[in-house]
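Engineer:
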Ligand SMILES: [Zn+2]
């Protein structure tokens, strides 16, 4: 299996994680900025990109 950075960037770019309940949500950065994305788990509007999800 070949891994290349472009593919993982494509996979993770549009996925965000709820800061409260850590649920993953598929969205766009634009929706995050406009706070249009609401967590299905807890209703929070604060998200972070999934790439920092090491903690
Ligand atoms: Zn949540």
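In this note's numbering, the protein residues as written are 278 to 332. Note that the Cβ used here is the ideal one computed from N, Cα and C, for glycine as well.
1) Is it buried or exposed for residue 323, if we count other Cβ within 10 angstroms and need 16 for buried?
2) Return the Cβ separation of residue 303 and residue 292 in integer angstroms, given the expectation that the two are a contact with Cβ distance under 8 angstroms.
3) Applying the 10 Å Cβ sphere with the 16-neighbour rule, what's the burial state of residue 319?
4) Can you grab the Cα-Cα spacing for the pair residue 306 / residue 280, in whole Å?
5) With residue 302 as the anchor, note down where its beta strand (DSSP E) starts and where it stops.
Structural biologist: In short, the structure shows the following:
1) For the purposes of this step, residue 323 is taken as residue 46 along the chain shown, with counting starting at 1. Exposed, since its Cβ has fewer than 16 Cβ neighbours within 10 Å.
2) By one-based count along the chain shown, residue 303 stands at place 26. By one-based count along the chain shown, residue 292 stands at place 15. Contact holds; Cβ gap of about 6 angstroms.
3) Here residue 319 is taken as the residue at index 42 of the chain shown, counted from 1. Residue burial annotation: residue 319 is exposed, with fewer than 16 other C-beta atoms found within 10 angstroms of its C-beta.
4) Start at 1 with the first residue of the chain shown, and residue 306 comes out as number 29. Start at 1 with the first residue of the chain shown, and residue 280 comes out as number 3. If you take the alpha carbons of residue 306 and residue 280, they lie about 24 angstroms apart.
5) Position 25 of the chain shown holds residue 302. Run containing residue 302: 301-303, per the beta strand (DSSP E) assignment.
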